[in-house]
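Here the structure is laid out as structure tokens; the discussion comes afterwards.
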Amino acid sequence: MPTYLASYDLKETDPDPHETFLEKAKERGWKLWTKGKSGKWYRLPNTPRLKRCGLLLPSRSALPTAFGRSAI
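In my numbering, the protein residues as written are 176 to 247.
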């Protein structure tokens with residue numbers, strides 16, 4: 176199953192959208208941690224997220240729609 180990497184950049188607004196965005200992305204399967212071949216876990220930097228998915232379309236649409244926006 177393919178693994179997709181997405182990185183995001185949100186504008187600074189009031190209220191700050193980052194926490195809500197990350198909660199919604201997590202609900203849709205985007206991960207902050209990944210396991211290496213050795214079995215060791217690695218935390219991604221601030222904005223990238225990973226998702227394993229069988230199809231490209233659901234993965235491409237899942238992150239933007241986490242915040243109510245249309246697909247990339």
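Beta carbons are placed, not taken as given, at the ideal position from N, Cα and C, and that holds for glycine.
Ranked by Cα distance from residue 207, the options 220, 199, 215 and 195 are led by 220. Residue 227 is positioned such that its CB atom lies closer than 8 Å to that of residue 176.
Beyond the five residues adjoining it in sequence on each side, residue 182 comes within less than 8 Å, by CB distance, of 222, 223 and 224 in the same chain, given in chain order. Beta-bridge partners assigned by DSSP to residue 225: 180 and 206. In this structure, the straight-line span from the alpha carbon of residue 194 to that of residue 178 is close to 24 Å.
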